[in-house]
Amino acid sequence: MLLDPSRSIRIVDEIMNYAIHRGARDCHIMIDDKDDHQVEICITCKPIELSVEELTELRESLEIPRQEPVEEYSWELVGENQQYHELNIIGMMTDDSTVEYIDSCLKIRLIRKKCS
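Number 58 in numbering that gives the first Met the number 0 belongs to position 59 of the sequence shown; there are no gaps in the numbering.
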């Protein structure tokens, strides 16, 4: 069974909202439940145009360390406001992130480990 399925759905929703608002039309989502210890979410979107500043902001937002103590309260906020992207909350809900941007193709890989 998928680890925290409703949270994974919210994470995907927020990343998709971000990408589509930046012009993405071709998006692929992969969710891999790894032995009930962690879930890997990989989203690839194109074409998408990001400035150097936007790419830096995206990476910094997703690199915020996971905040398990506040996670119970903050995860419900994700996806509530379609005009403001809660990427920093996504960073607080994930353990690892990788952002690649090559030739107008954005690939975001997130790892979320089972809470201790």
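For every residue, glycine included, the Cβ atom is placed at its ideal position computed from N, Cα and C.
What do you reckon, are the CB atoms on residue i and residue j nearer than 8 angstroms?
i	j	result
Y100	L54	yes
E85	E39	no
I42	I28	yes
K106	D94	no
I8	M92	no
Rounded C-beta distance between residue i and residue j? I'm assuming under 8 angstroms.
i	j	result
I110	Q37	6 angstroms
E67	C114	6 angstroms
S103	K33	The pair is not a contact, with the Cβ atoms about 30 angstroms apart (cut-off 8 angstroms).
I63	G22	So it is not a contact: roughly 25 angstroms between Cβ atoms.
Tell me the DSSP secondary structure of residue i in three-state form.
i	result
I107	strand
D102	coil
R55	Note on identity: in this sequence residue 55 is Thr, with Arg being the wrong assignment. The answer is helix: DSSP assigns T55 an H, G or I state.
R9	helix
E67	helix
S50	coil
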